[in-house]
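Residue numbers (this note's numbering): 127 to 498.
This report concerns only the one structure given below.
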Ligand SMILES: Nc1nc2c(ncn2[C@@H]2O[C@H](COP(=O)(O)OP(=O)(O)OP(=O)(O)O)[C@@H](O)[C@H]2O)c(=O)[nH]1
Ligand SMILES: [Mg+2]
């Protein structure tokens, strides 16, 4: 009798162990769906739309919502249409001609118009001249093909986002940058991506400068089913980040995404504050895995001058380039990578929650310089 009871208890125990992960996932999903329904309208009031248009599929934006909608899609080509429109006539011109001295001038003009930046443009064109000489390229079409290949090669590098901290430490991503570039929105979108991958996320409201900043982040947390920690207005941002990491550790959260207040790169005291945030976030039980400098693509080359100070203060590990959808300055990607030596890890292609995608250099070069 006792033995059969033991067997029944043992089987019940095994069964519950087997279904626990499933229950956890289902619960997280349900929580997200419920809160998303309530929060979506509020977020839309704030000008954040969840709709994404377009045809082609971008790998990292294909998350389905929990209500099992069809995957929403986004076209890189469509999103970059503004950047492309500035250069498309010149591209067509070069494509149809045979290579002559004026072709090189047109090409330089084209790259500068696309905001590749003077220094990077000269370097790109010089190397392309050498390729054209060695490979005896005679048509504009061949030249553009060689240009695309060279650009893809230049952009080929590791862009992986890391959330791998040693056992017992909580991985932290910090988002830094000047005012209004899209830090908070990018955190919301990144949280959506990570929770879609099945990770648990905590959003830390390290922007204590404005009360509205924490509220904006909280809405994103509710939308994504992420945890959320804030401090009081005017609190020390480092202590909010530290409290967030401790809370994440206690709750066994997979990743902490830390927001920071927008700041001008030439304000020394604010850059020191940022350095402190980074140091504190890296204290046990936290481990900073990414410091993402958010740059607004519509500011073009100005974004580059911000980067140096941020890199010095906070040891930036990668760039999030936002608002590429509304920018005529897509070429900034090449300048960032060449002049800053930092990888563009994510790009923002709109205000919707799925509009933050991995930067795919092949796709990007084709969307900018490929055939119509
Ligand atoms: N079109 C477009 N808009 C974006 C993108 N990313 C952010 N935005 C918009 O840019 C505006 C500013 O975004 P926030 O996330 O508040 O910027 P922030 O850097 O946190 O701003 P501060 O906290 O004030 O420094 C919002 O209206 C966003 O919806 C993007 O990739 N494309
Ligand atoms: Mg913000």
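All C-beta atoms in this analysis are idealised placements derived from N, C-alpha and C, irrespective of residue type, glycine included.
Does ligand 1 have even one heavy atom less than 6 Å from the beta-carbon of residue 477? yes
On the CB-based measure, 16 or more other CB atoms within 10 Å of its CB, does residue 290 come out buried or exposed? exposed
Where do the N-terminal and C-terminal ends of the alpha helix (DSSP H) with residue 368 fall, by residue? 363–376
Backbone secondary structure at residue 379 - three-state DSSP: coil
Are three or more beta carbon pairs between the stretch 349–359 and the stretch 263–281 nearer than 8 Å? Remark: fewer than three beta-carbon pairs, one from each stretch, lie closer than 8 Å, so the stretch 349–359 and the stretch 263–281 are not flagged as touching.
Residue nearest to residue 477 in terms of C-alpha spacing, selected from 432, 328 and 422: 422
Selection from 430, 224 and 458 that minimises the alpha carbon distance to residue 237: 458
Leaving out five residues on either side along the sequence, give the residues of the same chain with a beta carbon under 7 Å from the beta carbon of residue 298. 371, 382, 384, 407, 412, 413, 414 and 415
Please classify residue 326: does DSSP put it in a helix, a strand, or coil? coil
Report the option in 258, 402, 389 and 353 whose CA atom is closest to the CA atom of residue 335. 389
Would you list the residues sitting across from residue 413 in a DSSP beta bridge? 297
For ligand 2, is there a heavy atom less than 6 Å away from the beta-carbon of residue 334? no
Own chain residues within Cβ distance below 6 Å of residue 443, not counting five before or after: 416 and 417
In the DSSP output, what is residue 356 paired with across the bridge? 331
Cβ-based neighbour list, residue 210, same chain, cut-off 8 Å, excluding 5 preceding and 5 following: 203, 456, 493 and 494
Under 7 Å between C-beta atoms of residue 302 and residue 269: no
Can you give the Cα-Cα distance for residue 345 and residue 397, rounded to whole angstroms? 27 Å
Which residue's Cα is closest to the Cα of residue 271: 282, 130, 257 and 430? 257
My guess is that residue 489 and residue 243 are in contact by the Cβ rule of under 8 Å, so how many angstroms apart are they, rounded? Not confirmed; about 21 Å, so no contact.
Grab me the residues of residue 402's own chain with a C-beta within less than 6 Å of its C-beta, minus the 5 sequence neighbours each way, in chain order. 364
Would you mind working out which of 305, 491 and 445 sits nearest residue 287, comparing C-alpha positions? For the residues 305, 491 and 445, the minimum Cα distance to residue 287 belongs to 445.
Whole angstroms are fine: how far does the CA of residue 214 sit from the CA of residue 330? When rounded, the distance between both Cα atoms is 43 Å.
Nonlocal neighbours in the same chain, by C-beta distance under 7 Å from residue 221, ignoring five residues either side: 266, 267 and 270
Quick one: what does DSSP say residue 311 is sitting in, helix, strand or coil? helix
Would DSSP call residue 491 helix, strand or coil? helix
Ligand 2 heavy atoms versus the CB of residue 326: any closer than 6 Å? Distance from the C-beta of residue 326 to the nearest heavy atom of ligand 2 is not below 6 Å.
Which whole-angstrom value is the C-beta distance of residue 463 and residue 248, which I expect to be below 8 Å? 16 Å between Cβ atoms; not a contact.
Could you round the C-beta distance between residue 448 and residue 312 to whole angstroms and report it? I think they count as a contact, below 8 Å. 6 Å
Under a Cβ-count criterion, where at least 16 other Cβ atoms within 10 Å of its own Cβ denotes burial, should residue 440 be classed as buried or exposed? buried
Three-state class that DSSP yields for residue 478 in the structure shown: coil
Along the chain, where does the alpha helix (DSSP H) that runs through residue 213 open and close? 207–221
Buried or exposed for residue 338, going by 16 or more other Cβ atoms inside 10 Å? exposed
Would you check whether ligand 1 has a heavy atom nearer than 6 Å to the C-beta of residue 311? Yes, Cβ of residue 311 sits closer than 6 Å to a heavy atom of ligand 1.
If distances are taken between C-alpha atoms only, which option among 469, 437, 452 and 323 comes closest to residue 206? Looking at the Cα atoms, 452 is the closest of the given residues.
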